[in-house]
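Here the structure is laid out as structure tokens; the discussion comes afterwards.
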Amino acid sequence: MFKIVEKSKIWFTISLIIIIVGMATWLFKGLNLGIDFKGGTVVTIKIGKEFDVVELRKSLEKYDPQIDVREIEGYEVTIRSNKITTEQVNQIFNDVKAKYGLKDDALRSIDTIGPSIGKELRRSAIISTLLATLGILIYTSFRFELWSGLAAIIALVHDLLVTISVYTILQIPVNSSFIAAMLTILGYSINDTIVVFDRIRENRKLGKYHDFETLVDASITQTLARSINTTLTTLFTITAIYIFGVPSIKEFALPLIIGIISGAYSSIFIASPLWVIFEKRQGQRV
């Protein structure tokens, strides 16, 4: 049987270090908001034949080192940046036109996303996350008890903060797909936590264990193989998507990879020890 609860200070410290470094970086550098939140220009060009999107991106990095170039259906490409000027948009199109021998009608559209739209997206993202978290708290409290729900919510907040911290430290651009991934992480992580809490509840009813630490350690040990297998299977799939997928898919897959790893960690090393702490403080007995 693995001794998880007695080493809870170690697990909490590891998480706190990552989160504190991430939040400090956020304070001094801020999140690297992408065009969806910060506003900018989106240029759509029809290439009309196969092309190397990586090669095209490299040729346009002189306009913006973080320029976003994506291939879309119909041999078209979208070029996104929040730094290029109107004059540079024309220069970019001329470069692409010369590179692939295009005509003037290859320019499909030039769209500008204003800061007000980005602000509305941020507001919607925050509201969606809060509503999802509230719904999970109500569900877990109804299915188990209030303290189980609270421990699960803290673990979910941990997963979100860890993911945001990694993005902040590495200064990875944050776009709307990041928000979709965060909501997915909430659902995946709570599922893993519920599996552990279900086993804790079952073992508690059996009355085999006489203290909370042994009860939780035994329950985690019994579900550990399932948690590892589920996490690895999901990670293999998401990692393959990230390696071989197009940029728009990678934007969704990367936070999922971080969140899945963090979710598996928090279900075992954060949520369960927290449940023990809450139960003891309330004077509950096994």
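In the working numbering, the protein residues as written are 2 to 287. Glycine included, each C-beta is placed from N, C-alpha and C at the ideal position. Since we're looking at a predicted model, the values are computed, not measured.
Can you check whether the CB of residue j is closer than 8 Å to the CB of residue i?
i	j	result
ASP193	SER228	yes
VAL163	VAL90	no
LYS39	THR169	no
PRO248	ARG109	no
ILE242	ILE250	yes
PHE270	TRP12	yes
GLY260	ILE186	yes
ASP65	ILE46	no
PHE3	ALA152	no
ILE201	VAL217	yes
LEU257	ALA156	no
ARG58	ILE68	yes
ILE239	ALA219	no
On the three-state DSSP scale, how would you describe residue i?
i	result
GLU62	coil
LYS50	coil
GLU74	coil
GLY23	helix
GLY35	coil
GLY40	coil
Please classify residue i as buried or exposed, where buried requires at least 16 neighbouring CB atoms within 10 angstroms.
i	result
PRO274	buried
ASN230	exposed
LEU135	exposed
ARG282	exposed
ASP160	buried
GLY41	buried
ILE21	exposed
Could one say the Cβ of residue i lies closer than 8 Å to chain C's Cβ atoms, at least one of them?
i	result
ILE20	Reference to chain C is not applicable here, since this structure consists of a single protein chain.
Which whole-angstrom value is the C-beta distance of residue i and residue j, which I expect to be below 8 Å?
i	j	result
ILE36	ILE114	6 Å
THR222	ALA265	Incorrect: roughly 15 Å between the Cβ atoms, too far for contact.
LEU61	ILE80	7 Å
Taking only runs that begin and end inside the stretch 80-152, name each unbroken alpha helix (DSSP H) of 4 or more residues, in chain order. 87-101 and 116-144
In chain order, what are the residue ranges of uninterrupted alpha helix (DSSP H) at least 4 long that sit wholly in the stretch 173-235? 177-207
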